[in-house]
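Q: Just dropping this structure here.
Residue numbers (my numbering), protein chains in the order written: chain A, 61 to 185; chain B, 61 to 185; chain C, 61 to 185; chain D, 61 to 185.
Following this line, the structure appears as structure tokens:
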């Protein structure tokens, strides 16, 4: 299949709630996700920069998405160069050397009920 | 009416929760939907490819959307070539021979409360 | 201010839940909304066509959005040419004679907890 | 890093629920947010205009986003030229002198359960 996507993406919203009703279960732990789709026949080398309200950006976080694969990247599991702080406003820019598609999702489980939100990220070439 | 839409769409997020509080009622069973609008005067032939984290893509799933109709396709009801696994990260690329519009929605009923999310999918020609 | 927007929009998702925990209160009654922003100095004449799964489209629903105003149109309050059925999949195309911006929102109050979703609609000129 | 974004954005949906179950805690107070990302090396001067259903627009609300920073602006905390009324439909246009990215989010805590929604705003140059 022909590839699909763009090289540069941004998610202006970012916030990982510190609390979780079901924090023992990874699926129900409050989290933010950047879902990355690499429909190419070659790996996509991805660089993520995290922006904050009152300090310098952190990054790049580097990762590779294998050919014909999707990677649902949880921001609460990033560690290098440093973890993303909880209860803190952030935003992210995601740059790839090949076209990818990026969708942003949050699951908030601070209450017994789950809350979800999702949007296709902002794209540029 | 003049047609509206694009030929190639992608949904980078995909995840069908295995559990449902109200699983007996199809409306309340946790599900992912790709809402397809075909505003053309002819049928749209659609091919869906499902991408995973750690195995080769599956598809194409083939379907037709009748002229001047919308089809709200539930991923949990796809069977050919194979069902979409639950509790598994996936992504999808949707290709049509005529312009269509695609919107992605999830209903999560793992808890008594419902959680919803929706976004216009990513489009290209 | 210079105007902003596009002439043709589509919302591929549409579904008005029949039930509501708080149906007496209009704010909490399950609903779908098309939020229309007319930033022009003249009225925008808008035509909405509703598409279904298994019958011909209905419309146009005609309305006017005053200059420099927003109209949050609830699909459950449309009556002419006919009400939009509940518990029924639909989609909509929104055409305007001047540029407008369209955002889609659903509030689902079938359970005691509210569920919300929203997305910028798909735009074309 | 090269900058990313557009100069003019619109959010057609806007509604700050008057009630909150957890109103004492700023995090859980029902709110609307415009998340602004300024990836430039210079400050972005931003002007927001708020549109209503039945009265003239209010604004501009003026603010600056520092270089390489994100600002998650809560509409319920705007005061100049005037607060944004609660339980009232509105829409907003956001104009910047440098490219920015804008994402819209609402948290609704009128019920014990939280409801969330988010979307990348509509962009133009």
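Glycine included, C-beta positions come from ideal geometry on N, C-alpha and C.
Return the chain-ordered list of same chain residues with a C-beta closer than 6 Å to the C-beta of residue 89 (chain A), the five sequence neighbours on each side being excluded.
A: Walking along the first chain from the start, residue 89 (chain A) turns up at place 29. The residues are 80 and 83.
Q: Okay, do the stretch 125-133 of chain B and the stretch 141-150 of chain B touch, 3+ Cβ pairs below 8 Å being the bar?
A: Cβ pair count under 8 Å is below three, so no.
Q: Can you pull the chain C neighbours of residue 151 (chain D), defined as C-beta to C-beta under 7 Å?
A: As a working mapping, residue 151 (chain D) is identified with position 91 in the fourth chain. The answer, in chain order, is 95, 97 and 130.
Q: Terminal residues of the continuous beta strand (DSSP E) containing residue 186 (chain A)?
A: It is not possible to answer for residue 186 (chain A), since the shown part of chain A is limited to 61 through 185.
Q: Based on the DSSP output, what are the partners of residue 168 (chain A) in its beta bridges?
A: Taking the first chain and counting its residues from 1, one reaches residue 168 (chain A) at position 108. Residue 168 (chain A) pairs with A:175.
Q: Of all the beta strand (DSSP E) runs that stay within the bounds of the stretch 96-132 of chain C, which reach a length of 3 or more residues?
A: Runs of the beta strand (DSSP E) inside the stretch 96-132 of chain C: 104-112 and 118-125.
Q: Confirm, please, whether the CB-CB distance from residue 152 (chain A) to residue 74 (chain A) is below 7 Å.
A: Looking up residue 74 (chain A) in the first chain gives position 14. Looking up residue 152 (chain A) in the first chain gives position 92. In contact: residue 74 (chain A) and residue 152 (chain A) (Cβ atoms closer than 7 Å).
Q: In whole angstroms, what separates the C-alpha of residue 180 (chain C) from that of residue 127 (chain A)?
A: Position 120 of the third chain, counted from the first residue, corresponds to residue 180 (chain C). Position 67 of the first chain, counted from the first residue, corresponds to residue 127 (chain A). Roughly 30 Å separates the two Cα atoms.
Q: If we cut at 7 Å on Cβ distances, does residue 78 (chain B) have a partner in chain D?
A: As a working mapping, residue 78 (chain B) is identified with position 18 in the second chain. No, no contact with chain D.
Q: Taking the alpha-carbon positions, what's the residue 187 (chain B) to residue 135 (chain B) distance?
A: What the structure shows of chain B is the stretch from 61 to 185, and residue 187 (chain B) is not part of that stretch, so it cannot be assessed.
Q: What is the rounded straight-line gap between the Cα of residue 68 (chain C) and the Cα of residue 125 (chain D)?
A: Indexing the third chain from 1 puts residue 68 (chain C) at position 8. Indexing the fourth chain from 1 puts residue 125 (chain D) at position 65. Each residue's Cα considered, the two are about 32 Å apart.
Q: Kindly list the residues whose CB is nearer than 6 Å to the CB of residue 65 (chain C), restricted to its own chain and excluding five residues on each side of it in sequence; keep chain order.
A: The residue you call residue 65 (chain C) lines up with position 5 of the third chain. Cβ neighbours of residue 65 (chain C) beyond the five flanking positions: 159, 160 and 161.
Q: Let me confirm a value: residue 251 (chain C) is counted as buried when at least 16 other C-beta atoms fall within 10 Å, else exposed. Which label applies?
A: Shown here, chain C extends from 61 to 185; a query on residue 251 (chain C) therefore has no answer.
Q: Are residue 78 (chain D) and residue 173 (chain C) close, meaning C-beta to C-beta below 7 Å?
A: The residue labelled residue 78 (chain D) in the question sits at position 18 within the fourth chain. The residue labelled residue 173 (chain C) in the question sits at position 113 within the third chain. No, these two residues do not count as a Cβ contact at 7 Å.
Q: Would residue 146 (chain C) pass as an interface residue toward chain B - the criterion being a Cβ-Cβ separation below 7 Å?
A: Counting from 1 along the third chain, the entry for residue 146 (chain C) is found at position 86. Not one chain B Cβ lies under 7 Å of residue 146 (chain C).
Q: Would you grab the beta carbon distance between residue 154 (chain A) and residue 110 (chain A) for me? Rounded to a whole angstrom, and I think it's under 8 Å.
A: To locate residue 154 (chain A), count along the first chain from 1; it is residue 94. To locate residue 110 (chain A), count along the first chain from 1; it is residue 50. Not really, about 10 Å apart at Cβ, beyond 8 Å.
Q: Going by beta-carbon coordinates alone, are residue 175 (chain A) and residue 175 (chain D) separated by less than 7 Å?
A: Here residue 175 (chain A) refers to the residue found at position 115 of the first chain. Here residue 175 (chain D) refers to the residue found at position 115 of the fourth chain. In contact: residue 175 (chain A) and residue 175 (chain D) (Cβ atoms closer than 7 Å).
Q: Between the stretch 111-142 of chain D and chain C, which residues of the former have a C-beta closer than 8 Å to a C-beta of the latter?
A: Those would be 111, 112, 113, 114, 116 and 117, in chain order.
Q: Among the residues of its own chain, which have a CB less than 7 Å from the CB of residue 103 (chain A), if the five just before and after it don't count?
A: Indexing the first chain from 1 puts residue 103 (chain A) at position 43. Excluding sequence neighbours, residue 103 (chain A) sits near 124, 125, 126 and 127.
Q: Using C-beta distances below 7 Å, list every residue in its chain close to residue 120 (chain C), excluding the 5 sequence neighbours before and after it, in chain order.
A: Taking the third chain and counting its residues from 1, the one referred to as residue 120 (chain C) is at position 60. Excluding sequence neighbours, residue 120 (chain C) sits near 107, 108 and 109.
Q: With 16 as the cutoff for other CB atoms within 10 Å, does residue 168 (chain A) come out buried or exposed?
A: Here residue 168 (chain A) corresponds to residue number 108 of the first chain, with the count starting at 1. So residue 168 (chain A) counts as buried.
Q: Against chain D, does residue 175 (chain A) count as a neighbour if the rule is that its beta carbon must be under 7 Å from one of theirs?
A: Mapped onto the first chain, residue 175 (chain A) falls at position 115. Chain D contact via Cβ: present.
Q: Could you tell me which chain C residues have their CB closer than 9 Å to the CB of residue 179 (chain A), listed as they occur along the chain?
A: For the purposes of this step, residue 179 (chain A) is identified with residue 119 of the first chain, where counting begins at 1. Under the 9 Å cutoff, chain C gives 178, 179 and 180.
Q: Consider the Cβ of residue 161 (chain A): report whether some Cβ of chain B lies at a distance smaller than 7 Å.
A: On the first chain, position 101 is the one that residue 161 (chain A) refers to. Interface residue, yes.
Q: Where does residue 149 (chain D) fall in DSSP's three states?
A: Taking the first residue of the fourth chain as 1, we reach residue 149 (chain D) at position 89. The answer is coil: DSSP assigns residue 149 (chain D) none of H, G, I, E or B.
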